[in-house]
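What follows is one structure encoded as structure tokens, with my remarks underneath.
Residue numbers (my numbering): 742 to 848.
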């Protein structure tokens, strides 16, 4: 069992709609931000194991390198849910917003 959480800086549209679009690989509603890049780097530094559950993946970034600055989508395992309070704090410090797929509400 896993839980999906997405984070971004700014978007056009409703957070749930943006989240659903990300699931389809559509990042057109998002803008590139250094804050998203910093958040991504901080996540990987703090928890290297999230690399396996982090999107966009390295493979995805080969095709769309700008996506690294648009969003972070995490599919956290039950064990990794312990990271969530700190992840949410990190997102807030970087001025990011997002959506919780499991709760069905904005972050």
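Virtual Cβ for every residue (Gly too), placed ideally from N, Cα, C.
DSSP links residue 745 through a beta bridge to 816.
Pairing residue 842 with residue 762, the inter-Cα distance amounts to about 12 Å. Judged by beta-carbon spacing, residue 755 lies beyond the 9 Å limit of residue 816, meaning their Cβ atoms are not closer than that value. In the three-state DSSP reduction, residue 842 falls in the coil class, being neither helix nor strand. The beta carbon of residue 773 is closer than 6 Å to those of 807, 810, 811 in its chain, skipping five residues each way along the sequence.
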